[in-house]
Amino acid sequence: MHYFDHAATTPMRQAAIDAWVRHSQAVNPGGQYGSGRRARSVLDDAREQIAGIMGAEPIEVIFTASGTEADNIAIHGLYRASELSRIVSTPIEHPAVKEVVEHLVAEEGAEAVLLPVDRHSHVSDLSALDVPAAVATCMYANNETGAIQPIPEIIARAAAVGTPVHVDAVQAVGRVPIHFHDLGATTLASSAHKYGGPRGVGFLLAKRSPAPTAILHGGGQERGIRPGTVDVASAAAMAAALQEAVDEMVAANGRISALRDELRERILAAVDDVRVNTAEPALPGHLHLSFPGADGDSMIMLLDSLGVEAATGSACSSGVSRMSHVLEAMGVADAEGIGSLRFTLGRTTTAEDVEYLAAHIAEVVEKARRAGLR
Ligand code: PLP
1 MHYFDHAATT PMRQAAIDAW VRHSQAVNPG GQYGSGRRAR SVLDDAREQI AGIMGAEPIE
61 VIFTASGTEA DNIAIHGLYR ASELSRIVST PIEHPAVKEV VEHLVAEEGA EAVLLPVDRH
121 SHVSDLSALD VPAAVATCMY ANNETGAIQP IPEIIARAAA VGTPVHVDAV QAVGRVPIHF
181 HDLGATTLAS SAHKYGGPRG VGFLLAKRSP APTAILHGGG QERGIRPGTV DVASAAAMAA
241 ALQEAVDEMV AANGRISALR DELRERILAA VDDVRVNTAE PALPGHLHLS FPGADGDSMI
301 MLLDSLGVEA ATGSACSSGV SRMSHVLEAM GVADAEGIGS LRFTLGRTTT AEDVEYLAAH
361 IAEVVEKARR AGLR
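The sequence shown begins at 1 in full-length UniProt numbering and counts up by one.
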């Protein structure tokens, strides 16, 4: 098996599994007795460790059940905390952000303005940020192309008119250095399974003020911003995974980006008419390509039958392939975008994986193009 879908999820690190198992019996950290206090202390340690790594205060760390939940709480909550109805976003956000903004427009009278992006999905014009808004939201790095966005510039521009900024950093945390206070964001979302922690746990960093108004109501945990009993074992495993990811980052990124560049050059040499959609600045493991005339879903199935696991840039709805909203925003033509593949490399990717894929990609594209009667 050759796994090229590390942006979807990456295998759990042994350090995370060990922490998870070690604390699997942790009781409710709200208990006022010995075992409750012990669980609380494990949770406090995880909170402090994450805060230290991310350049935040422990009180700014809000444990959540996913990146999606962190995004929802932040955007919806900052919108509610404001008297303004304007939202600034981008056309390339993950559904965890895109759908929240669309919901606020459809149901709560918000007006959304989207910052344009260029051919490689980098935000290209920040002028919409000059008008104050309830919240501006932009992803740190795009999940399809890996494009890293001009977040410091976006935050500076929004701050000049007092607009709070949410950053969906789900693809970026553990892959690029991020310091919450230096960045100056109001809130920032992260998800453990993107850097070797368990699935189903994440965190939101949230400044004391302005804080998102609660959209969930319950027992008041996590500053009341995310009520509900926290999964102590998962929080400890997430902290362990993040620590290791950050410790290894420089060496891992060098190795992974070299493999990714090698893969790109080999594919360009083996297949004619390829468009490279990933351009710098980008995450080290992303390689997004379009093969005009081939259907993405066909290529995924052919690759799967060869033991290669990758993702397509298109979304399949009721059996009909559509180009992704990201490629659409980049101005990619339908006929081209439909034949897109996203290869994402990570910690466990080897030179053999790259070699195998490079040796088989031409036959896959050729078969898919023939099936598409090209
Ligand atoms: N935001 C981005 C950019 C993502 O890539 C993802 C997951 O793919 C999410 C949010 C959602 O994270 P989770 O899977 O933890 O809900």
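The beta carbon of each residue, even a glycine, is placed where N, CA and C say it ideally should be. Every value quoted in this text rests on a predicted model; they were computed, and no experiment measured them.
query: How is the beta strand (DSSP E) around Ile87 delimited, first residue to last?
result: As a first step, residue 87 must be located in the sequence shown, where it is residue number 87. Element bounds for Ile87: 86-89.
field: DSSP three-state assignment for Met139, whether helix, strand or coil
entry: Numbered from 1 along the sequence shown, position 139 holds the residue referred to as residue 139. Strand.
task: Kindly indicate the opening and closing residues of the alpha helix (DSSP H) around Glu155.
output: For this step, residue 155 is matched to residue 155 along the sequence shown. The residue you asked about is not Glu; residue 155 is Ile in the sequence shown. First-last of the alpha helix (DSSP H) with Ile155: 151-159.
query: Is it the case that the Cβ atoms of Val135 and Leu78 are separated by a distance below 8 Å?
result: In the sequence shown, residue 135 corresponds to position 135, counting from 1. In the sequence shown, residue 78 corresponds to position 78, counting from 1. Yes, they are a contact pair.
- prompt: What residues in its chain sit with their C-beta under 6 Å from that of Thr145, if we drop five residues either side in the sequence?
  reply: In the sequence shown, counting from the first residue as 1, residue 145 sits at position 145. The answer, listed in chain order, is Ser121, Asn277, Thr278, His288.
query: Quick one, which of Ser66, Ala141, Leu43 has its alpha-carbon nearest Ile59's?
result: As a working mapping, residue 59 is identified with position 59 in the sequence shown. Among Ser66, Ala141, Leu43, the Cα nearest to that of Ile59 is on Leu43.
Residue span of the alpha helix (DSSP H) that contains Leu78, given as start and end: In the sequence shown, the residue the question calls residue 78 occupies position 78. Element bounds for Leu78: 67-81.
task: Report buried or exposed for Val167, applying the criterion of at least 16 other Cβ atoms within 10 angstroms of its Cβ.
output: By 1-based counting over the sequence shown, the position of residue 167 is 167. Answer is buried; the Cβ neighbour count reaches 16.
- request: Below 8 Å on the Cβ atoms is my guess for Ala112 versus Val101; work out the distance and round it to an integer in Å.
  value: Here residue 112 corresponds to residue number 112 of the sequence shown, with the count starting at 1. Here residue 101 corresponds to residue number 101 of the sequence shown, with the count starting at 1. About 5 Å separates the two Cβ atoms, so the contact holds.
field: Within the region 204-290, ranges of the beta strand (DSSP E) (whole runs, at least 3 residues)
entry: 286-290
field: Secondary structure of Tyr33, DSSP reduced to three states
entry: Taking the sequence shown and counting its residues from 1, one reaches residue 33 at position 33. In the structure shown, Tyr33 sits in coil (DSSP, three-state: anything other than H, G, I, E or B).
task: State the start and end residues of the unbroken alpha helix (DSSP H) segment that holds Leu327.
output: Locating residue 327 in the sequence shown gives position 327, where the first residue counts as 1. That run of the alpha helix (DSSP H) goes 325-329.
- prompt: By DSSP, does Ser121 sit in helix, in strand, or in coil?
  reply: Here residue 121 corresponds to residue number 121 of the sequence shown, with the count starting at 1. Three-state DSSP puts Ser121 in coil, outside helix and strand.
query: Skipping 5 residues on each side, what residues in its chain have a beta carbon closer than 7 Å to that of Gln243?
result: Translated into positions along the sequence shown, residue 243 becomes position 243. These residues qualify, in order along the chain: Gln49, Ile53.
query: Tell me the DSSP bridge mates of Ala311?
result: Position 311 of the sequence shown holds residue 311. According to DSSP, which records beta bridges pairwise, Ala311 is partnered with Arg342.
field: Contacting residues, own chain, Cβ-Cβ under 6 Å from Ser82 (five flanking each side not counted)
entry: Here residue 82 refers to the residue found at position 82 when the sequence shown is read from its first residue. Closer than 6 Å at the Cβ level, and outside the excluded window around Ser82, lie Ala134.
message: Can you tell me whether Met139 is buried or exposed? The criterion is at least 16 other CB atoms within 10 Å of its CB, across all chains shown.
response: For the purposes of this step, residue 139 is identified with residue 139 of the sequence shown, where counting begins at 1. Under this definition Met139 is a buried residue.
task: Determine the burial state of Tyr195: buried for a count of at least 16 other Cβ atoms within 10 Å of its Cβ, exposed for fewer.
output: Looking up residue 195 in the sequence shown gives position 195. By the neighbour-count rule (16 or more Cβ atoms within 10 Å), Tyr195 is buried.
message: Tell me the rounded alpha-carbon separation between Gln221 and Thr350.
response: Counting from one through the sequence shown, the residue named residue 221 turns up at place 221. Counting from one through the sequence shown, the residue named residue 350 turns up at place 350. Between Gln221 and Thr350, the C-alpha separation is close to 42 Å.
- prompt: Regarding Thr10 and ligand 1, is the C-beta to nearest heavy atom distance less than 7 Å?
  reply: Taking the first residue of the sequence shown as position 1, residue 10 is located at position 10. Incorrect: Thr10 has no Cβ contact closer than 7 Å to ligand 1.
field: Best match in Asp18, Thr229, Arg264, Leu303 for proximity to Ala39 [C-alpha to C-alpha]
entry: The count along the sequence shown starts at 1 and reaches residue 39 at position 39. The option with the nearest alpha carbon to Ala39 is Thr229.
message: Determine whether the beta carbon atoms of Met1 and Glu309 lie at a separation below 8 Å.
response: Numbered from 1 along the sequence shown, position 1 holds the residue referred to as residue 1. Numbered from 1 along the sequence shown, position 309 holds the residue referred to as residue 309. Yes, the pair counts as a contact, with Cβ atoms nearer than the cut-off.
field: Nearest-angstrom Cα separation, counted from Val364 out to Gly346
entry: Here residue 346 is taken as the residue at index 346 of the sequence shown, counted from 1. Here residue 364 is taken as the residue at index 364 of the sequence shown, counted from 1. Rounded to the nearest angstrom, the two C-alpha atoms are 23 Å apart.
Continuous beta strand (DSSP E) stretch holding Glu111: start and end: Mapped onto the sequence shown, residue 111 falls at position 111. Unbroken beta strand (DSSP E) run through Glu111: 111-114.
- prompt: What's the C-alpha gap between Arg157 and Asp130?
  reply: As a first step, residue 157 must be located in the sequence shown, where it is residue number 157. As a first step, residue 130 must be located in the sequence shown, where it is residue number 130. The alpha-carbon atoms of Arg157 and Asp130 are separated by roughly 7 Å.
message: Bridge partners for Thr64 per DSSP, in chain order?
response: For the purposes of this step, residue 64 is taken as residue 64 along the sequence shown, with counting starting at 1. Looking at the DSSP assignment, Thr64 forms a beta bridge with Gly202.
- prompt: Assuming Gly339 and Ser290 make a contact with CB atoms under 8 Å, what is their CB distance in whole Å?
  reply: On the sequence shown, residue 339 is found 339 positions in, with the first residue counted as 1. On the sequence shown, residue 290 is found 290 positions in, with the first residue counted as 1. Their Cβ separation, rounded to whole angstroms, is 6 Å, which keeps Gly339 and Ser290 in contact under 8 Å.
message: Classify His181: buried if its beta carbon has 16 or more other beta carbons within 10 angstroms, exposed otherwise.
response: The residue you call residue 181 lines up with position 181 of the sequence shown. His181 comes out exposed.
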